[in-house]
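Below: one structure, written as C-alpha cells.
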Amino acid sequence: MSTVATTAVEKSRGQYLHEARALKVESRELAHLAGDEIRISIRSTTICGSDVHYYTHFRNGSIQVREALCLGHEAAGQVVAVGSKVSQAGSSLKVGDAVALECGVPCGECVLCRSGRYNICPDLRFRSSASKFPHFQGTLQEFVVHPARWVHRLPPELNFEAGALLEPLAVAVHAVRRAGSGMISPRRTCLVFGAGAVGLLCALAVRAEGCQDVVMADIDEGRLRFALEQGFASVVYAVKPKKAETLEDKLGIAQMTAKEIGELKWPGGESIGKVQRTFECTGAESCLQSSIYSTASGGSIILVGMGTPNHTLPISDLSAREINLISTWRYANAYPRAIEIAKASVTRSPIDGNTLPDMSRMITHRFKGLDLVPEALEMATKTRDADGRLVVKSMVDL
Numbered sequence: 001m002s003t004v005a006t007t008a009v010e011k012s013r014g015q016y017l018h019e020a021r022a023l024k025v026e027s028r029e030l031a032h033l034a035g036d037e038i039r040i041s042i043r044s045t046t047i048c049g050s051d052v053h054y055y056t057h058f059r060n061g062s063i064q065v066r067e068a069l070c071l072g073h074e075a076a077g078q079v080v081a082v083g084s085k086v087s088q089a090g091s092s093l094k095v096g097d098a099v100a101l102e103c104g105v106p107c108g109e110c111v112l113c114r115s116g117r118y119n120i121c122p123d124l125r126f127r128s129s130a131s132k133f134p135h136f137q138g139t140l141q142e143f144v145v146h147p148a149r150w151v152h153r154l155p156p157e158l159n160f161e162a163g164a165l166l167e168p169l170a171v172a173v174h175a176v177r178r179a180g181s182g183m184i185s186p187r188r189t190c191l192v193f194g195a196g197a198v199g200l201l202c203a204l205a206v207r208a209e210g211c212q213d214v215v216m217a218d219i220d221e222g223r224l225r226f227a228l229e230q231g232f233a234s235v236v237y238a239v240k241p242k243k244a245e246t247l248e249d250k251l252g253i254a255q256m257t258a259k260e261i262g263e264l265k266w267p268g269g270e271s272i273g274k275v276q277r278t279f280e281c282t283g284a285e286s287c288l289q290s291s292i293y294s295t296a297s298g299g300s301i302i303l304v305g306m307g308t309p310n311h312t313l314p315i316s317d318l319s320a321r322e323i324n325l326i327s328t329w330r331y332a333n334a335y336p337r338a339i340e341i342a343k344a345s346v347t348r349s350p351i352d353g354n355t356l357p358d359m360s361r362m363i364t365h366r367f368k369g370l371d372l373v374p375e376a377l378e379m380a381t382k383t384r385d386a387d388g389r390l391v392v393k394s395m396v397d398l
C-alpha cells in the first residue's frame, strides 16, 4: 500500500470563482494527507445546475459565496497517494485506481449519520458548496485530498466520464428509494417533470427498478426528442407555457396539463391516465401543481428539483386521495447501486431483465483542460450551442 508522509506539501492548480462569471486559475497548497485520506488526480468533472447558479449569481438560492470558490462535485479521477491508515480501516484502495468521489463528508457521529441518513447531517461539508465556511473546495482543480470512506472504485466498464455521472445518478437512485418499492397497481407507471440531466437519470433509475412505462414532460421539445430517441422516455409531453393572473387560473392550467398528459397513449395503445409515481425535477410551482393532478390516488410525488422556494398547492386534492409528497436531498448509500446501473447502462447489458438507455449519451459537450472551464460553465447555462445542438451535460476533462 503506497503512502505519502503527512508533512509533504503539494500544490494544485484550479479555477476559482471570485465573483459572478469571474474565474481565475490559481495554484493553492493542497491539504496534507491524513492517514485516512487519499490524494486524487481529478480527471473528469461534469457541470451541475448548482455550479451554474454559483457561476452566474455568486450564490445558490440563499447561500452566498464568502470566499473564492472552486466549483465542481460530479467528479472522477485516479488515486495518486494513499494515507497510512486507509488499509487499516478496511479499504483496498491503491495508487492507480480509478475512482468516483462522493463529495459530501458528514460528521459521522450524529444520530442521522448513525442511522444511515448522513446526507442530512447538519455538519456535512459538500465540495463546491458555500454553505459552510471556510468553503469545501470543488473538483475543477488538478488534485484533491479526500477521505477514503467517501471514495468509490470504478469497475473496468466505467471510464472517468461515466464515473463523474455517478454523482447525479446517485441523486436519482436516492429519489427512487425514497419513493418506496410498493405500487398499488400491477402495472408500474411513472411521470417525470423535467427532461434535463436529473430528470433523464431519474427515468433511467426507475427503469432499472422495472418500471418500463415512463412519460416525460418539459417545455423544451429538443430535450423531449432526445429523451424519446435515446430510450429514457416511452412517451413525451411538451408543456405549453401559459400566463395566469390568479391562483384559480394557475390551478386550472395545472389540471389541463394533467388531463392532456393522461390522454396520451403508451406505446401499447393504452391511455396513460394517472401515474403511480411522479418525479418532479424542475422545482417549478406549476409542475408540482400538475404533479398532484397527474398522480393516482395512493401514489407518490417525489420532489427532486430545487427551484421556487415557496409554492401554493391544491393540498385538499393531495390529502383526499392520500398522495404521498416525498422530499429528497442529495443521496445516502446510493453509490453502489448507481455503479450497478451505470455499468448496465453504458454496456447496454440487461439489469433485472431490462436493457437501459446509455447514460453516456447525455454528455453532449466536452472541454479539455482548466483553461476551458469558463467555456464549459457558459455552455451549461444554455440549452443550445452556437450551432443549434442540444446541450444536456457539459464535461471538463483534465
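The numbers in the UniProt record's numbering rise by one with no breaks, and the one at position 7 of the sequence shown is 7.
Glycine included, C-beta positions come from ideal geometry on N, C-alpha and C.
Apart from the 5 residues on each side of it in sequence, Met306 sits with its Cβ closer than 6 Å to the Cβ of Gly283 in its chain, given in chain order. In this structure, the CA atom of Gly116 is about 15 Å from the CA atom of Glu102. At a cut-off of 3 residues, the continuous stretches assigned as beta strand (DSSP E) that sit fully inside the stretch 352-384 are 363-368. Assignment of Arg223 by DSSP, reduced to helix, strand and coil, places it in the helix class. Counting only unbroken stretches of 4 or more residues, the alpha helix (DSSP H) elements lying wholly within the stretch 73-143 are 111-114, in sequence order. Cβ contact annotation for Lys240 (same chain, cutoff 6 Å, sequence separation greater than five): none. In the same chain as Val145, and ignoring 5 residues on each side of it, the C-beta atoms closer than 7 Å to its own belong to Leu30, Ala31, Leu33, Glu37, Arg39, in chain order.
Boundaries of the beta strand (DSSP E) around Met395: 393-397.
Cα atoms of Tyr16 and Ala68: separation of roughly 6 Å, rounded to the nearest angstrom. Just measuring C-alpha positions, the residue of Asn333, Thr312, Ile302, Asn310 sitting nearest Asn324 is Ile302.
For His174, the three-state secondary structure derived from DSSP is helix. Take Arg125, set aside five residues on each side of it, and the residues of its chain with a beta-carbon closer than 6 Å to its own are Val105, Lys132, Phe136, in chain order. Contact between Ala344 and Leu158 fails: their C-beta atoms lie close to 11 Å from each other, not under 8 Å. Residue burial is scored here from C-beta neighbours: Gln289 has at least 16 other C-beta atoms within 10 angstroms and is therefore classed as buried.
The three-state reading of DSSP puts Ile42 in strand, counting E and B together. When secondary structure is reduced to three states using DSSP, Met306 falls in the coil class, being assigned neither helix nor strand. In its chain, beyond the 5 residues on either side, Ser297 have a beta carbon closer than 6 Å to the beta carbon of Arg321.
Assignment of beta-bridge partners to Leu390 by DSSP yields Arg384.
Around Ser360, the same chain offers Glu161, Ala162, Leu165, Ser345, Val346 as residues with beta carbons nearer than 8 Å, after the five sequence neighbours per side are excluded. Distance from Thr46 to Glu74 at the Cβ level is roughly 4 Å; contact confirmed, criterion being Cβ atoms closer than 8 Å. Around Ala205, the same chain offers Ala172, Val173, Val176 as residues with beta carbons nearer than 6 Å, after the five sequence neighbours per side are excluded.
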